[in-house]
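Structure first, commentary second.
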Amino acid sequence: MTELIESLLRGLGTGSVYALLALGFVIIYKATRVISFAQPAFMLAGVVAVTYLSPAVGFWAAVPLAALGTALLALGVERSAVRPMVGRPAFVVAIITLGVDVAVRVVVNAFIGLDVRHVGDPWGLRTLALGPVEMQQRHLAAVAAAALLVAGLFAFFRFTRTGLAMRAAALDQEAALAHGVSVGAVFAVSWALAGGLAAVAGTFAAAGASVDSALWLIALTALPVIILGGLDSLPGAVIGGLAVGVLQELVATYANDVAWLGGNVSVITPYVLMLVVLLVRPYGLFGTREVERV
Amino acid sequence: MRGRPLLRTSYAEELALLDTPAKRWWTGALLVLAFTLPFLLTDDLLQLLAVCCVAAIGAIGLGLVTGYAGQVSLGHAFFLGIGAYTAAALSGDPDGRVIGLGVTDIALWLPAAGLVAAVAGVLVAPLATRLRGLYLAIVTLGLVFIGQHIFNEWSSLTGGAGVGRPAATLEFLGRPLAVTDEVATRDQKLYWLMLALLLVFALAARNLARSRIGRAFTAIRDRDIAAGVIGVNLPRYKTVAFAVSSFYAGCAGALLYTVTGFFDPGSFSLLLSVQYIAMVLIGGAGTISGAVAGAFFITLLPRLTRELQAWVPFISTQPNEVPNVFQVETILYGVLIIVFLIFEPRGLFGLWVRARSYWKAWPFSY
Chain D
9 MTELIESLLR
19 GLGTGSVYAL
29 LALGFVIIYK
39 ATRVISFAQP
49 AFMLAGVVAV
59 TYLSPAVGFW
69 AAVPLAALGT
79 ALLALGVERS
89 AVRPMVGRPA
99 FVVAIITLGV
109 DVAVRVVVNA
119 FIGLDVRHVG
129 DPWGLRTLAL
139 GPVEMQQRHL
149 AAVAAAALLV
159 AGLFAFFRFT
169 RTGLAMRAAA
179 LDQEAALAHG
189 VSVGAVFAVS
199 WALAGGLAAV
209 AGTFAAAGAS
219 VDSALWLIAL
229 TALPVIILGG
239 LDSLPGAVIG
249 GLAVGVLQEL
259 VATYANDVAW
269 LGGNVSVITP
279 YVLMLVVLLV
289 RPYGLFGTRE
299 VERV
Chain U
153 MRGRPLLRTS
163 YAEELALLDT
173 PAKRWWTGAL
183 LVLAFTLPFL
193 LTDDLLQLLA
203 VCCVAAIGAI
213 GLGLVTGYAG
223 QVSLGHAFFL
233 GIGAYTAAAL
243 SGDPDGRVIG
253 LGVTDIALWL
263 PAAGLVAAVA
273 GVLVAPLATR
283 LRGLYLAIVT
293 LGLVFIGQHI
303 FNEWSSLTGG
313 AGVGRPAATL
323 EFLGRPLAVT
333 DEVATRDQKL
343 YWLMLALLLV
353 FALAARNLAR
363 SRIGRAFTAI
373 RDRDIAAGVI
383 GVNLPRYKTV
393 AFAVSSFYAG
403 CAGALLYTVT
413 GFFDPGSFSL
423 LLSVQYIAMV
433 LIGGAGTISG
443 AVAGAFFITL
453 LPRLTRELQA
463 WVPFISTQPN
473 EVPNVFQVET
483 ILYGVLIIVF
493 LIFEPRGLFG
503 LWVRARSYWK
513 AWPFSY
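In order, the protein sequence lines correspond to chains D and U.
The numbering used here applies: residue 9 is where the first sequence begins, and numbers increase by one.
The numbering used here applies: residue 153 is where the second sequence begins, and numbers increase by one.
Here it is in structure tokens:
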């Protein structure tokens, strides 16, 4: 029982990292109808920025600064590589972001080099004991940070003018343009938000461990998450992220009893789950069903 | 019809493979050049060109499903892997460390590899018929990860991560195809073999593309709902597209590692899929010659960057220094995809079309 609860809690920790990443994907998708495959590169860029900044200014200042820097990087990418492609098929733009991802990651990997780099988080591998249940502080911190950011985002979309403009542009670009919303600005803000979220998510994914170039694979796990939750649903991204995180940890805990699955089967669990869900619900759990007219 | 190459008097002429005299001349000249290259180039270059030919077979396959039928597949590496392991397992040594059945004849293992991959393609197709656009791209991306897990774990077939297994053996009717003898070297024979195979596969793809099936593919790509309304059976043709594309991928995967003779499960990663996407897009989506050109370009790119090192001395050849040729090469994949998609979406094929129409109108610029 203790084992079950512990793996559930661990799952919530990794799940909130996925939720933050998935939110970035969904925000970009809602604004531009494009899946940005560049998110892994932004996440890695953010983490590496944190590892360079935190010895200088401390962890708590390094994370917002890195998030800001990554947001600026995302803005630059949007302006130079994505904006010229407005009006072209979504798949072409998606492949462009794939190219951005490959190129940016090489540069970022060069900054990682061969050293062992840490984000300098205050939690490390310390645990907190609640009766017989032990949980790691970094997972608690990830859940708290995700909750804070998700609440902030929902407030932003609900109560600010920019948030309203973004919701309007997501609903109907032309109508939003006609009402004076700058759709270009909406694109820019959504890319910047996604970049910042990716940086924070990366920091929590790397907390308590070292940063290496394989970390980008974590960001790809957010893809099954958004498919699961529905490409255009923000609550779907959060719920999907937590669900995938929990399932992955459960599989990691209990899959050793099933030898033929092989080691590390938890790495591909999200993808298998995605395939199963798609066979049943092609638009995800909370996604909008597309209506097609001839 | 001398002097009027564009005048067509029958439907068959309109559909002909080489419909203008210029195309006939160009194709003939290219073929002669391609077959005489082994007498002009050194063996290491020929080996590279043999790999190019095999990669072109794979790229044509991806071009059929992505360029012609418009179904974005990021899972090409998965199908390449299935083909490679089917061929290697069939032709492997029965008493060896890994699974082997001892069927060493290329006439058996090559179609078998293609067919097994095609079956995998048909199994994936139900997803493709239900999904569109980016959903499909993500699902096929998932295939690559699931495939990598299976290849890494099934070590009795694949030799295990970081170890690998020998590739299929090139034998035909009991005689080895690629060994050095007094007539030609191993690499010359390899190149001729792969070039001949590429010709067969390219011609087959070209013929498929101008048939009823090919026209159905293009209709689905351009507007799937409209295609459905005029009577194209969407699920059926999407399944055919995936099956044919996977067949090509399986054959390419089976041949790809016969050149080096050894491969490990780490090869079939997302980067391989991205390379094939890059080949199709940089070459020109929706054309067979574009896919071939793109495959040659991307496969020769590492060699080109190494030559580049002589001109740009600050790029190092040591993998532990920054910037090194391997980084430059990977960045080039990304940057080239971006640049081509923004500035010349028709790819290398589009550059050729531009040059052609410029010289057609020369010296008038319009």
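All C-beta atoms in this analysis are idealised placements derived from N, C-alpha and C, irrespective of residue type, glycine included.
- Nearest CB-CB separation between Ala102 (chain D) and chain U: below the 8 Å threshold.
- Look at Gln479 (chain U): its C-beta is under 8 Å from a C-beta on chain D.
- Assignment of Leu83 (chain D) by DSSP, reduced to helix, strand and coil, places it in the helix class.
- Residues of the stretch 485-505 of chain U with a C-beta less than 8 Å from any C-beta of chain D: Tyr485, Gly486, Val487, Leu488, Ile489, Ile490, Leu493, Ile494, Pro497, listed in chain order.
- If you check the CB distance, Leu133 (chain D) and Gln144 (chain D) come in under 8 Å.
- A Cβ-Cβ distance of about 5 Å is found for the pair Ala208 (chain U) and Leu350 (chain U), placing them in contact under the 8 Å criterion.
- In the DSSP annotation of this structure, the continuous segment of the beta strand (DSSP E) that includes Thr135 (chain D) starts and ends at 135-138.
- Your pair Val151 (chain D) and Ser24 (chain D) checks out as a contact, with CB atoms roughly 5 Å apart and the cut at 8 Å.
- The stretch 404-422 of chain U makes contact with the stretch 229-237 of chain U; the number of CB pairs closer than 8 Å reaches 3 or more.
- When CB distances to chain D are screened at a threshold of 7 Å, the residues of the stretch 287-303 of chain U falling below it are Tyr287, Ala289, Ile290, Val291, Leu293, Gly294, Phe297, Ile298, His301, in chain order.
- For Ala260 (chain D), the CB contacts under 7 Å within the same chain, skipping 5 residues up- and downstream, are Ser274 in chain order.
- DSSP lists D:Val219 as the beta-bridge partner residues of Arg125 (chain D).
- The continuous beta strand (DSSP E) containing Val141 (chain D) extends over residues 141-144.
- Around the beta-carbon of Phe195 (chain D), 16 or more other beta-carbon atoms lie within 10 Å, marking it buried.
- About 6 Å separates the CB atoms of Gly499 (chain U) and Leu433 (chain U); that is less than 8 Å, so the two are in contact.
- An exposed status is given to Ile377 (chain U), since fewer than 16 other beta-carbon atoms sit within 10 Å of its beta-carbon.
- Its Cα nearest to that of Leu295 (chain U), the residue U:Leu422 stands out among U:Val464, U:Ala507, U:Leu422, U:Ile483.
- Counting only runs of 4 or more residues that sit fully inside the stretch 173-232 of chain D, the alpha helix (DSSP H) segments are 181-186, 191-214, in chain order.
- With contacts defined by Cβ atoms closer than 8 Å, Arg388 (chain U) and Leu200 (chain U) do not form a contacting pair.
- Taking every protein chain shown into account, the CB of Glu257 (chain D) has 16 or more other CB atoms within 10 angstroms, so this residue is buried.
- Neighbours of Arg282 (chain U) in chain D, taken as residues at a C-beta separation under 9 Å, are given in chain order as Leu286, Leu287, Pro290.
- Cα atoms of Glu459 (chain U) and Val480 (chain U): separation of roughly 12 Å, rounded to the nearest angstrom.
- Among the residues facing chain D, Leu279 (chain U) is included, as its CB has a counterpart in that chain under 8 Å away.
- Within the same chain, Cβ atoms closer than 8 Å to the Cβ of Ala289 (chain U) are found at Val224, Ser225, Leu226, the five residues on either side in sequence being excluded.
- For Ala102 (chain D), same chain residues with a beta-carbon under 8 Å away, outside a window of 5 residues either side, are Val42, Ile43, Ser44, Phe45 in chain order.
- Remark: C-beta atoms of Val108 (chain D) and Ile429 (chain U) do not approach each other more closely than 8 Å.
- For Asp257 (chain U), the three-state secondary structure derived from DSSP is strand.
- Unbroken alpha helix (DSSP H) stretches of 4 residues or longer found wholly inside the stretch 477-501 of chain U: 477-495, given in chain order.
- With respect to chain U, the C-beta atom of Tyr279 (chain D) has a partner C-beta closer than 8 Å.
- Under the three-state reduction of DSSP output, Pro290 (chain D) falls in the coil class, being neither helix nor strand.
- Using a CB distance cut-off of 8 Å, Leu433 (chain U) counts as an interface residue toward chain D.
- Shown here, Phe399 (chain U) sits in a helix according to DSSP, grouped into three states.
- Pairwise C-beta distances place the stretch 236-249 of chain D out of contact with the stretch 84-99 of chain D, as fewer than three of them are shorter than 8 Å.
- In the three-state scheme derived from DSSP, where H, G and I count as helix and E and B as strand, Arg317 (chain U) is classed as strand.
- If you draw a 10 Å sphere on the C-beta of Gly188 (chain D), you find fewer than 16 other C-beta atoms in it, and that means exposed.
- For the pair Ala178 (chain D) and Ala186 (chain D), the Cα-to-Cα distance works out to about 14 Å.
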